[in-house]
Structure formats: C-alpha cells, structure tokens
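Read through the structure below, which is laid out as structure tokens, and then see the notes.
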Amino acid sequence: MAEFERVASIGELADGGRLSVVVDDTPVLLVRVGSNVYAIEDACSHDGQPLTDGAVAAGQIACPRHGARFDLASGKAMCMPATEGIRVFEVELRDGGIYSRPASGTVSPALVPVAVEMPIVSGHSCGCSTPASGESGTCSSAPVSEPSKAERSLDEKMLEALRQVIDPELFVNIVDLGLVYSINYDGERAYVDMTLTSPMCPAGPQLVQQAKMALERLREVNEAVIKIVMTPPWSPDRMTDEARDQLGIF
Ligand code: FES
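Here the working numbering is used: position 246 in the sequence shown is 1107, and no number is missing along the way.
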C-alpha cells in the first residue's frame, strides 16, 4: 500500500472549505466538514468534470455540470447521470499537516440497480387508476375492469411514442430509464407524470417538450399535458434491463 504523503497543512483548510491537491499523481479534492476531512478524486465519473466547485450537503458533493452526486466518505455515486463511483483517499491529520494516500480498494462501488416494473396507468385525468372507457365523467369506486384491447393498444402506442424521446446525456429513452411514472388518457388528452434523473437536470425542458410532441403526433391524442414530479425521486432501480444494457451496468 502507498505511503501517506503530506499534501497540505491543516491551517490551509478551514471548516466548510476545500483544497485541490495531488495524491499519488492523481488530482484530489480535500473537503472539510466540521472535524472531518474527506479526500476524493477530483473528477466526476460521468464525464470528467472537476468537482472543485460542487455544492456539498448531507455528506455528498454534487457535480457542477450535470448534477450527479457522490458520497464524500465512500465515493459512491448517489444519483444519475453518474453510474460509477469516484476514488476516495485515506486522510490522516497529524503534526499540523494533512496526509493522504489511496484507500485500499480504490474504486468505489458502482450503483447496482435492480429491475422493477414501471407503473403505467391508462385512466381518468384525475390520476386514479380506473381505466378510461372513452367518457370523461367523474371517477367511481367501481371495481377496476381489464382495459379493452383498443385501450391496451393505445397504451402501447403512447409508450412507443415516448420511447422516441431520448435523454441527451445518457442516450437512453425516457421510458426505459424509468422517468415516466404514469400515463392517463381521458379520451382526448394524455396526461403524463414524469420525473428527471436529478432536480438539476438541464435537459428537463427539452424532454418535456419532446414528450409532448411525441404524444401529440398520435391520432388519438389532441393534447398532451406533461407534468414533472420529483416525488418519488427517480432512482436507478427504475431502469429496465434494456437501459442497463445500454449503459453497460450489470
Ligand atoms: S460530468 Fe458530472 S454529472 Fe456529468
């Protein structure tokens, strides 16, 4: 294992501060939170963006470019678009100095998503799960009946349309990414609740616009209303096997 090397004096790193250093020929960012000093590789695993200016909160640092977050202690990727962690380094404080060396098992654990079935609901615009029957009346508490063949076919058409919308960062469609939470149809309009991989995702407005256009191209859809919801927050376990294959996550 590499020896500890002195990289800075403790006085150079105030509480809440950060310092760029080099450890074992690797650019490293020191981050001080209270009495803890963390040392992380200063490069986002998504596209190499330095994390130097990333916001720190709740023990995590955010990539200033696309919003991925990493756990300061373990380097684990906490949200997309990063799917792999970053290296972390051991830190020792002694003799007024900050010493660091690569941690054993230098590559932090990657996210390991688990497949779940995406909920798709065809029903009234109020968001209930009663399948639409073509009328736009109020919802009842009557037992839910199986969707008709025509309704199933429209579900499939709407899903297929939304599969044409590709996340520009990940190059995977929004359905397989698990961004689409529900689709309701009232016989005229489609109502979609969808989310983003991160609240700071810069592609949000573009995805909303493209989803709306994709649905409105269908003969049955006069208007598509796309709503961004952040609850529940998106997580990688919402991705399909196809999305994981595309992203090279196993
Ligand atoms: S470069 Fe960091 S999230 Fe894209």
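We put the CB at the ideal spot given by N, CA and C, even for glycine.
Close-in-space but distant-in-sequence residues of the same chain around residue i (CB under 8 Å, 5 per side omitted)
i, result
"residue 869", "880, 882, 891, 958, 959"
"residue 863", "885, 962, 963"
"residue 1050", "986, 1082, 1083, 1084, 1085, 1086"
As assigned by DSSP and simplified to three states, the class of residue i
i, result
"residue 1077", "helix"
"residue 945", "coil"
"residue 923", "strand"
"residue 1099", "helix"
"residue 1016", "helix"
"residue 1050", "strand"
"residue 1064", "coil"
"residue 938", "strand"
"residue 1030", "coil"
Option nearest residue i by Cα separation, candidates the options
i, options, result
"residue 1018", "1082, 940, 1089, 927", "1082"
"residue 956", "912, 872, 901", "872"
"residue 1038", "1098, 938, 1061", "1098"
"residue 954", "874, 1104, 1063", "874"
"residue 1065", "948, 897, 1107, 1035", "1035"
"residue 1029", "1048, 1020, 865, 1062", "1062"
"residue 1078", "1015, 1032, 1033, 1031", "1015"
"residue 1094", "904, 916, 939, 896", "939"
"residue 896", "878, 1055, 903, 909", "878"
Close-in-space but distant-in-sequence residues of the same chain around residue i (CB under 7 Å, 5 per side omitted)
i, result
"residue 1071", "1026"
"residue 914", "925"
"residue 976", "Annotation note: pLDDT 31 at residue 976 (below 50); position unreliable, no value reported."
"residue 1075", "1022, 1023, 1025, 1026"
"residue 994", "With a pLDDT of only 37 at residue 994, under 50, the local geometry of the prediction cannot be trusted, and no value is derived from it."
Beta bridge counterpart(s) of residue i as assigned by DSSP
i, result
"residue 891", "880, 900"
"residue 960", "867, 953"
Cβ-heavy atom distance, residue i to the ligand FES, below 8 Å
i, result
"residue 1097", "no"
"residue 926", "yes"
"residue 910", "yes"
"residue 929", "yes"
"residue 942", "yes"
"residue 1030", "yes"
Spatial neighbours of residue i in its chain, beta-carbon cut-off 6 Å, leaving aside the 5 residues before and after
i, result
"residue 900", "889, 891, 950, 952, 961"
"residue 998", "Bear in mind that the predicted position of residue 998 carries a pLDDT of just 34, short of 50, making it too unreliable to give a figure here."
"residue 1057", "1065"
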